[in-house]
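Undergrad:
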Amino acid sequence: MKDLNLLYVFEALWRDRSVTIAAESLDVTQGAVSSALKRMRDEYGDKLFMLAGRRMEPTAMATSIAPSLLEALNAIRKTTGVQTSFDAGESTRSFTIRTRDVGEVVVLPNLFARMEDVAPRVKINVMFAPIEETVHGLSTGRMDVALGYLPALERNIHKKVLFKQRYLCVMRNDHPLANAELTLKRFLSQQHLLVEYAGSGHVLLERALIDAGAKDRIRVRMPQYLAAPHLVLRSDLIWTCPESLVVELRKHFPLAVKPLPMPMGNFDVALYWHDRFHKDPANLWFRQQVIECVHDIQINPLTAPRTSA
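In short: position in the sequence shown from 1, add 1456, done, that's our numbering.
Listed below in structure tokens is the structure:
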């Protein structure tokens, strides 16, 4: 790519998937972005970005050249010795968080409220992707940060532990064991609901259940958290769930909660970002907002009230 300005346009389109949003983030007109895209298409003999629904999605060619182009742009920025500033109050940039529905429930409402106060024009995109796509997304800037329990993320990824979590057992309020002690023997004799996803640290929960002899007692497996309480309320299933989500769900669902009668220990919920954007002013600002948001809502189970039936 001969024109350096085209690199900035490519980066913005790759990140924002919108000519309009890319133009706003670059502080140029939509016509200027469209003109730059046409020049890139002529240079590469490929459409590079095509409208799919309401988003400009990259072609196979754009996906293949993106890592090299974005790394080149990053190298150019480093040679200047000066980082561009980020004005949160005036910015119209979109920030993308990779997280699951549990992260959306626990963190997003407070984060959005915070954005309303300090950066009213900033937009938040939430997406979910497998681990291998998450690494690529963070490295190319397609995702700004990832949030969750993700010990499988590879090197060149920075990590900031936000809070520690424990697992709790959830059942309907009128479950036969709702008013009884949940011993290990009783726990293993019940039918279980398991929320699973390969690549997350929660695979350790499944292994613990299997090692304890409950493999055949896992009656339902599902990939999302927020459908689980609806099933629990209409069955005798026991669901082992992260505490932060339990605290939120009990505000809306009549659930009984018991300590997990297995020695699972705590696990870390963390914020992840790629080394390429470690000193990027916008990424740095957004990370700080997430960190302070989590601190404000005091999710840490060491200080939150203990939940028990």
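All C-beta atoms in this analysis are idealised placements derived from N, C-alpha and C, irrespective of residue type, glycine included. None of the values given here were measured: they were computed from a predicted structure.
Is the separation between the beta-carbon of Ala-1670 and that of Met-1720 shorter than 7 angstroms?
TA: Result no, Cβ atoms of Ala-1670 and Met-1720 do not sit closer than 7 angstroms.
Undergrad: Quick one: grab the DSSP three-state call for Met-1599.
TA: Reduced to three states, the DSSP call for Met-1599 is coil.
Undergrad: When you compare only the Cα positions, how much space is there between Leu-1469 and Leu-1462?
TA: Using only the alpha carbons, I get a separation of about 10 angstroms.
Undergrad: Keeping to the same chain, check which residues put their C-beta closer than 8 angstroms to that of Thr-1485; ignore five residues upstream and five downstream.
TA: So the qualifying residues of the chain are Ala-1479.
Undergrad: Here's the rule: buried if 16 or more other CB atoms are within 10 angstroms of the residue's CB, otherwise exposed. What is Ser-1474?
TA: Per the 10 Å Cβ criterion, buried.
Undergrad: Suppose contacts are defined by Cβ-Cβ distances below 7 angstroms. Is Thr-1766 in contact with Tyr-1605 by that definition?
TA: Residue 1766 lies beyond the stretch modelled for the chain, which goes from 1457 to 1765, so this question has no answer here.
Undergrad: Rounded to a whole number of angstroms, what is the C-alpha to C-alpha distance between Gln-1680 and Arg-1673?
TA: Answer to the nearest angstrom: the Cα atoms are 19 angstroms apart.
Undergrad: May I have a chain-ordered list of the alpha helix (DSSP H) segments no shorter than 4 residues that lie completely inside the stretch 1578–1632?
TA: For the stretch 1578–1632, whole alpha helix (DSSP H) runs of length 4 or above, ordered along the chain, are 1587–1596.
Undergrad: Could you please give the first and the last residue of the uninterrupted alpha helix (DSSP H) stretch that includes Ala-1684?
TA: Its alpha helix (DSSP H) spans residues 1684–1688.
Undergrad: Which residue wins for smallest C-alpha separation from Leu-1682, given the options Leu-1740, Glu-1662, Leu-1705, Leu-1661?
TA: Measuring from the Cα of Leu-1682, the nearest candidate turns out to be Leu-1705.
Undergrad: DSSP three-state call for Met-1496: helix, strand or coil?
TA: Three-state result, Met-1496: helix.
Undergrad: If you drop the 5 nearest sequence neighbours on each side, which residues of the same chain put their C-beta closer than 6 angstroms to that of Leu-1482?
TA: So the list reads Ala-1468, once near-sequence residues are dropped.
Undergrad: What does a CB cutoff of less than 7 angstroms around Val-1725 pick up in its chain, not counting 5 residues either side in sequence?
TA: Contacts found: Gly-1604, Tyr-1605, Leu-1618, Phe-1619, Gln-1621.
Undergrad: Mark Phe-1733 as exposed unless 16 or more other C-beta atoms lie within 10 angstroms of its C-beta, in which case mark it buried.
TA: Per the 10 Å Cβ criterion, buried.
Undergrad: Please identify the residue among Phe-1466, Arg-1677, Pro-1565 whose C-alpha is closest to the C-alpha of Pro-1523.
TA: Considering only alpha carbons, the answer is Phe-1466.
Undergrad: Does DSSP put Ser-1691 in a helix, a strand or coil?
TA: Three-state result, Ser-1691: coil.
Undergrad: Looking at the strands, I want to know which residues DSSP matches up with Arg-1511.
TA: Partner(s): Ala-1508.
Undergrad: Taking 6 angstroms as the limit between beta carbons, can you name the residues of its chain near Asp-1731, skipping five residues before and five after?
TA: So the list reads Asn-1612, once near-sequence residues are dropped.
Undergrad: What does a CB cutoff of less than 8 angstroms around Tyr-1464 pick up in its chain, not counting 5 residues either side in sequence?
TA: Hits under 8 angstroms: Leu-1482, Leu-1529.
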